[in-house]
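J.:
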Amino acid sequence: MRLLHGTLAILAATLGVFLALHHPLVPRLLVWVVVAWGLAVCLRPAIWVFVLPAALPIAGFSAWTGWIGVEEFDLLALGAASGCYARMALQGVRWCRQTRTSEPVPAPAALPRPAPQTLPGRTTRMPGVRAETLLTACQTPFPNRVPLAPRDAAAARNPFRFAWIGLAALAASSVLAMVRGLADADGLDLGWFQAYEDPLNSLRIGKSLLLALLLLPSLRSVQQAAPALVVRRLSAGMATGLGLVSLVVLCERAAYPGMLDFSTPYRTTALFWEMHVGGAALDVFLVLTVPFAVHALVQARNPWRWVLAAALAVAAGYTCLTTFSRGVYLGVGLALGVLACLLPGRRRQRSWPPAATGYDLRGDAPQPERWRVWGNRVLVVLLVCEGAAVLGLGDFMSTRLAAGERDLGGRLQHWREGLSLLRTPSEFLLGRGLGRFPTNYSQAVAGRGLPGHLQIVDDPEESYLRLFGPAPGVRLSGAFELLQRVPLVNGNYTLNFDLRAPRFARVSVGVCQQHLLYVAACTRQVVVVTDGEARWRHFSLPLDFRSELPDRRWVPALGFLAVHLEGGADFVDVDNLGLLDGRGRQLLANGSFTSGLGQWYFAARHYFLPWHVDNLFLEVLIDQGAVGLSLLLTLLAMAFARLLWGRGREHVLAPYLLAALSGCLAVAVFSNVLDMPRSAFLFYLLLCSALFLDGHPPDAPSNPRSGSLKAPRKAPHAV
């Protein structure tokens, strides 16, 4: 196993460094970051359990780099995997297979064991038993020399064998679907800046599951070595990630529509740049992390920690409300309902053992103190007032709710169109391949074409960009725009560019104050290419930008240079783009497209149907077929069974994982989940955590009510 672990460590490190070297902005810096991060994880393997969920919502800079199929979070995940496997290769991993017996472990011959003394309601530890002997007994299949029945013995050896089998089968299905997607996209002609119609999209969608499974052996080993530490790190990482998203949303709302403007049709996106073509990346992240804000409140041991957790809850509530997403409202409401049903009953359960380690894997918070009771009441009032303000002081959400019936009809039509892509038995069984929905849907369904796309044309003399508009017969003029981040100042800009078109075309160019999808202020000009001109024409346009929003110097206002084809020709060619500020400084990078689409981005405008089928189960069915969907549903059923009735039901994280997965499935009924890599990774991480959750603490007897004793295990080395 050490050879395998060493090989995986080398492969993960090599891939991470390779990706870092091709970063469009800071390749050398990221190489050192990947190496240092891998060394840190090698020294402290449990650190990634906190860092990855915490950094996930901010480890993506696609709007600056132009990367879509690859992002900075992939470097973090690969660095963590390389460090974990390097640690395993250097030290090995001990798997202690506990057996549940009704008799105590016999004492060693050299140290006769005195009879255990029991007191009413408690058991006392056996003196004179060495830790080394107990560790040996823990690793012995039958420590009491009474073999178990074959079925019980198999369960004792590996109670998670069905989870391993299911995950391996799902991984095989995903790899097969990835291969089918690459074949459908005509091979392995990959590029760093390929979009959703290109082969790289198959790898983009498949990487989330593979990265989660790559880290799963490390998660299992750390869970066995220090289970309480994993609970603390995972819950803190989820809460920290939620806090960072909430902070970004507060800044976004302050910089664009305003903190208290709930009538402007503006929906927050935070730093989930993959939502530039719609999708539910932020929605999925919120429903997966909000239950851990409740966990922070419940587990707060003093008033100061409770106040910090309460502030997180208020900020998270504002974030959820200002998404104006009916799916978020449904998912978060369901998650909180699950917690409301499960947590009161868990407080009445008997905890074992006492909190000697500072954290109880089976118990919850201590009995509520007076400050906690009153604080919870005040927090509930604040959250209710917050919801009433967002929904009552503006009419945007009421407009969305009023259009619910019409939107549902359109969604049902969209689902039928998506199912029509499965035309043969093999496609229904195995799917069309990962990442092929945008291309297949836009080509097969009339009137549902893509609103545009980008193509780099490499001529012998020069490289230039070809900007396509919507397909013929599709009335989506201006629904697709080319973007690059630029600094915003109130003043004059000068935009220079070369343009040509095969026939008459109208092109809009401008500088816009824009976070991602919604324009707050913009200055535009329209240029016209006359009919039949096949030669390049040079344009130099003055742009006088004036923000219509009040000056908010404490919030950075982000801007884009935006170019889109308004009508006329099917495409235009663009080259030698340059944007000068009032001092004559060049603000654009890669304006001649010699580095492909590096540092260029694009976004759709209010039209997202070709990119998503808007249902998790249809998404898996179309991509991986009935086989992949059956495997995913089976794993979800196993996770819910373990959290509700299995060995994981007594674990402190069980209600929170159950709430998170339940809320995610509620969102998944009306949104895609797996085509947003960062949110999909978090979904798979929590699914794996639920599948391998064990609520029996290592020091606790299998049945606390029985008078028998079970030898405690040797204290694991701190990770």
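Residue numbers (the numbering used here): 139 to 857.
In this text, a Cβ means the ideal position worked out from N, Cα and C, and glycines have one as well.
Bear in mind the structure is a predicted one, so any value in this text is a computation, not a measurement.
1. DSSP on P680, reduced to helix/strand/coil?
2. Report all residues from its chain with a CB closer than 6 angstroms to the CB of R604; omit the five preceding and five following residues, and keep chain order.
3. Would S601 pass as a contact of F740 if the rule is Cβ separation under 8 angstroms?
4. Give me, in chain order, the residues of the same chain whose beta-carbon lies closer than 8 angstroms to that of E524; leave out the 5 immediate sequence neighbours on both sides.
5. Any idea what DSSP makes of A658, helix, strand or coil?
6. In whole angstroms, what is the alpha-carbon distance linking R561 and S312?
7. What residues match up with V666 in a beta bridge as DSSP calls it?
8. How is the beta strand (DSSP E) around Q110 delimited, first residue to last?
9. Decide yes or no for the touch test of the region 181 to 201 against the region 210 to 217: beta carbon pairs closer than 8 angstroms, at least 3 of them.
10. Count the other C-beta atoms from every protein chain shown that fall within 10 angstroms of the C-beta of C479, then say buried if there are 16 or more, exposed otherwise.
11. Taking the beta strand (DSSP E) that Y739 falls in, what are its first and last residues?
12. With a threshold of 16 other CB atoms inside 10 Å of the CB of M776, please say whether the residue is buried or exposed.
13. Chain D beta carbons: is any one of them nearer than 8 angstroms to that of A418?
14. Quick one, are the C-beta atoms of V425 and A798 less than 8 angstroms apart?
15. Apart from the five residues just before and just after L328, which ones in its own chain have a Cβ nearer than 6 angstroms to its Cβ?
16. At 4 residues or longer, what runs of the alpha helix (DSSP H) sit wholly inside the region 366 to 418?
17. Go through its chain and collect everything with a Cβ distance to Q622's Cβ below 7 angstroms, but skip five positions before and after it.
18. Which word fits E757, buried or exposed, when buried means at least 16 other C-beta atoms lie within 10 angstroms of its C-beta?
19. Taking 7 angstroms as the cut-off, is the CB of M376 close to at least one heavy atom of the ligand ADP?
20. Taking one C-beta from the region 432 to 443 and one from the region 564 to 581 each time, how about it: are there three or more such pairs within less than 8 angstroms?
21. Going by beta carbon distance, what residues of the same chain come within less than 6 angstroms of S384, once the five residues before and after it are set aside?
22. Less than 8 angstroms between the C-beta atoms of L829 and R780, yes or no?
23. Pairing CB atoms from the region 572 to 583 with CB atoms from the region 540 to 556, are three or more of them under 8 angstroms?
24. In angstroms, rounded to a whole number, what distance separates the CA positions of L759 and L803?
25. Whole angstroms are fine: how far does the CA of S817 sit from the CA of I343?
26. Nearest by alpha-carbon distance to A764: which of T668, G569, M139 is it?
27. According to DSSP, which residues form a beta bridge with I185?
28. What are the uninterrupted segments assigned as beta strand (DSSP E) that are 3 or more residues long and contained completely in the region 729 to 779, given in chain order?
29. Is the separation between the beta-carbon of L637 and that of V665 shorter than 8 angstroms?
30. Identify whether E619 lies in helix, strand or coil by the three-state DSSP scheme.
31. With a threshold of 7 angstroms on Cβ separation, who are the neighbours of H676 within its own chain once the five nearest residues in sequence on each side are excluded?
32. Can you tell me which of the three DSSP states N630 falls into?
33. Hey, would you say A418 sits closer than 8 angstroms to S800, going by beta carbons?
34. Leaving out the 5 sequence neighbours to the left and right, which residues in its chain are closer than 8 angstroms to F300 when beta-carbon positions are compared?
35. Going by CA-CA distance only, name the one from L163, V624, L190 that's closest to G176.
36. What is the rounded straight-line gap between the Cα of Q652 and the Cα of P694?
T.: Based on what the coordinates show:
1. Your numbering for residue 680 matches position 542 in the sequence shown. Strand at P680.
2. What you label residue 604 is simply residue 466 of the sequence shown in a count that begins at 1. Here the set comprises Q593, V595, F709, D711.
3. Stepping through the sequence shown from its first residue, residue 601 is reached at position 463. Stepping through the sequence shown from its first residue, residue 740 is reached at position 602. Not closer than 8 angstroms, so no.
4. Taking the sequence shown and counting its residues from 1, one reaches residue 524 at position 386. V452, G455, Y456, L459, listed in sequence order.
5. Here residue 658 is taken as the residue at index 520 of the sequence shown, counted from 1. Strand.
6. For the purposes of this step, residue 561 is identified with residue 423 of the sequence shown, where counting begins at 1. For the purposes of this step, residue 312 is identified with residue 174 of the sequence shown, where counting begins at 1. Near 20 angstroms, if we compare the C-alpha coordinates of S312 and R561.
7. Here residue 666 is taken as the residue at index 528 of the sequence shown, counted from 1. Answer is R644, bridged to V666.
8. Residue numbering for the chain in the displayed model covers 139 to 857; residue 110 lies beyond these limits and cannot be assessed.
9. yes
10. Taking the first residue of the sequence shown as 1, we reach residue 479 at position 341. With fewer than 16 Cβ atoms within 10 Å of its Cβ, C479 is classed as exposed.
11. Taking the first residue of the sequence shown as position 1, residue 739 is located at position 601. It spans 739 to 742 - the beta strand (DSSP E) in which Y739 sits, taken as one unbroken run.
12. By one-based count along the sequence shown, residue 776 stands at place 638. The residue is buried, with at least 16 neighbouring Cβ atoms inside 10 Å.
13. Included in the structure is just one protein chain, with no chain D present.
14. Working through the sequence shown from its first residue, we reach residue 425 at position 287. Working through the sequence shown from its first residue, we reach residue 798 at position 660. In contact: V425 and A798 (Cβ atoms closer than 8 angstroms).
15. Mapped onto the sequence shown, residue 328 falls at position 190. Same-chain partners within the cutoff: P337, L338.
16. none
17. For the purposes of this step, residue 622 is identified with residue 484 of the sequence shown, where counting begins at 1. Result list for Q622: F698, L699, L726, Q737, W738, Y739, in chain order.
18. In the sequence shown, residue 757 corresponds to position 619, counting from 1. Label assigned to E757: buried.
19. Among the ligands in the structure shown, none appear at all, so the ligand ADP cannot be discussed.
20. no
21. Looking up residue 384 in the sequence shown gives position 246. So the list reads A453, A454, T457, once near-sequence residues are dropped.
22. Locating residue 829 in the sequence shown gives position 691, counting from the first residue. Locating residue 780 in the sequence shown gives position 642, counting from the first residue. Yes, Cβ-Cβ distance for L829 and R780 is below 8 angstroms.
23. yes
24. What you label residue 759 is simply residue 621 of the sequence shown in a count that begins at 1. What you label residue 803 is simply residue 665 of the sequence shown in a count that begins at 1. If you take the alpha carbons of L759 and L803, they lie about 15 angstroms apart.
25. By 1-based counting over the sequence shown, the position of residue 343 is 205. By 1-based counting over the sequence shown, the position of residue 817 is 679. In a straight line, the C-alpha of I343 is about 11 angstroms away from that of S817.
26. Here residue 764 corresponds to residue number 626 of the sequence shown, with the count starting at 1. Checked all of T668, G569, M139; the closest Cα to A764 is G569.
27. Your numbering for residue 185 matches position 47 in the sequence shown. According to DSSP, which records beta bridges pairwise, I185 is partnered with nothing at all.
28. 739 to 742
29. Translated into the one-based positions of the sequence shown, residue 637 becomes position 499. Translated into the one-based positions of the sequence shown, residue 665 becomes position 527. In this structure, V665 lies closer than 8 angstroms to L637 by Cβ.
30. Translated into the one-based positions of the sequence shown, residue 619 becomes position 481. If DSSP states are grouped into helix, strand and coil, E619 belongs with the strands.
31. Here residue 676 refers to the residue found at position 538 when the sequence shown is read from its first residue. So the list reads D636, once near-sequence residues are dropped.
32. Along the sequence shown, read from residue 1 onward, the residue named residue 630 stands at position 492. Strand at N630.
33. In the sequence shown, residue 418 corresponds to position 280, counting from 1. In the sequence shown, residue 800 corresponds to position 662, counting from 1. Not a contact, by the Cβ cut-off of 8 angstroms.
34. As a first step, residue 300 is located in the sequence shown; it is residue number 162 there, counting from the start. If we look at F300 and ignore the five residues flanking it on each side, its Cβ neighbours are M776.
35. Stepping through the sequence shown from its first residue, residue 176 is reached at position 38. Among L163, V624, L190, the Cα nearest to that of G176 belongs to L190.
36. Along the sequence shown, one-based indexing puts residue 652 at 514. Along the sequence shown, one-based indexing puts residue 694 at 556. If I take the Cα positions, the gap works out to 11 angstroms.
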